[in-house]
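Below is one structure, written out as structure tokens, with a few remarks after it.
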Amino acid sequence: MRIDAISIFPDYFNVLELSLLGKAKQSGLIEFQAHDLRSWTTDKHKTVDDSPYGGGAGMVMKPEPWGLAFDDVLTPKSTVIFTTPAGIPFTQKLAQELSTREHLVFACGRYEGIDQRVVENARSEVEVLEISIGDYVLNGGEVAALAMLEAITRLMPGFMGNAESIVEESHSDGLLEYPSYTKPQSWRGLEVPEVLLSGHHAEIEKWRRAQSVERTRQNRPDLID
Ligand SMILES: COC(=O)c1ccnc(N)c1
-9 MRIDAISIFP
1 DYFNVLELSL
11 LGKAKQSGLI
21 EFQAHDLRSW
31 TTDKHKTVDD
41 SPYGGGAGMV
51 MKPEPWGLAF
61 DDVLTPKSTV
71 IFTTPAGIPF
81 TQKLAQELST
91 REHLVFACGR
101 YEGIDQRVVE
111 NARSEVEVLE
121 ISIGDYVLNG
131 GEVAALAMLE
141 AITRLMPGFM
151 GNAESIVEES
161 HSDGLLEYPS
171 YTKPQSWRGL
181 EVPEVLLSGH
191 HAEIEKWRRA
201 QSVERTRQNR
211 PDLID
């Protein structure tokens, strides 16, 4: 998979070198490049924003630099992801779907957002998704892009050393993951649940399923029909 990120703060993405993504890049599983949107400005001040039509607080990102950036970065097989609080919810299911795309382009807005015509223009050429990582506002879309990048790339075949570890995760079966325990068996007077020491795999699976349902009922009743 090829991944590009376009932002006025491309250095936000340097952190990816530290994580598993660094290894995935070395192994050739992923090609990643961050781009500075200001590379596509034409004035000496490298202007990327202006005041909103219709008035209101804040500034809006101008369409021209984005259009020129997309002209250079997009291919017919690209999927453009605008990270925005006004987007569709980012879910494990969506991460799974996006993990099979050939080319992801993350468009990270700042200020009050990007001129909507940038989205419309891109939609006339390639697949475009406006995606939110939750019901809250950030100062920029970069952190959301990093979260989505990690959730998507870790699902790619060959990315995680132990493919098993991504099978039984929260949200992979519509429920939250069961609680986990490791050594020591007794810690500060707290014991590991007996069933996990029993060696009865059927009983352990039953207990874990019940724990998942209970945890989901407590923390995310909206996930239970
Ligand atoms: C500027 O971007 C955001 O504030 C943002 C992006 C994606 N998801 C959110 N919940 C917020």
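Counting in the working numbering, the sequence shown runs from -9 upward without gaps. From the three backbone atoms N, C-alpha and C, an ideal C-beta is built for every residue, glycine too.
query: Among the residues of its own chain, which have a CB less than 6 Å from the CB of Ser89, if the five just before and after it don't count?; result: Ile142, Leu145 and Met146
query: Could you tell me which residues DSSP puts in a beta bridge with Pro79?; result: Ser122
query: Could you check the C-alpha separation between Phe72 and Val118 for me, to the nearest Å?; result: 8 Å
query: Going residue by residue through the stretch 57 to 106, where are the continuous alpha helix (DSSP H) segments of at least 4 residues, counting only ones entirely within it?; result: 82 to 88
query: Quick check on this structure: which residue in Gln23, Val50, Asn129 and Lys52 has the alpha carbon closest to the alpha carbon of Val63?; result: Gln23
query: Using the C-alpha atoms, what's the distance from Pro75 back to Thr172?; result: 38 Å
query: Can you give the Cα-Cα distance for Ala200 and Gln82, rounded to whole angstroms?; result: 21 Å
query: What is the residue span of the alpha helix (DSSP H) that Ala47 lies within?; result: Unbroken run through Ala47: none, as it is neither H nor E.
query: Are the stretch 105 to 125 and the stretch 52 to 67 touching by the rule of at least three beta carbon pairs closer than 8 Å?; result: yes
query: With distances taken from CA atoms, which of Lys34, His35 and Met49 is nearest Ser41?; result: Met49
query: Taking the alpha carbon of Phe149 as the point to measure from, which residue in Val5, Leu186, Glu21 and Tyr2 has its own alpha carbon closest?; result: Glu21
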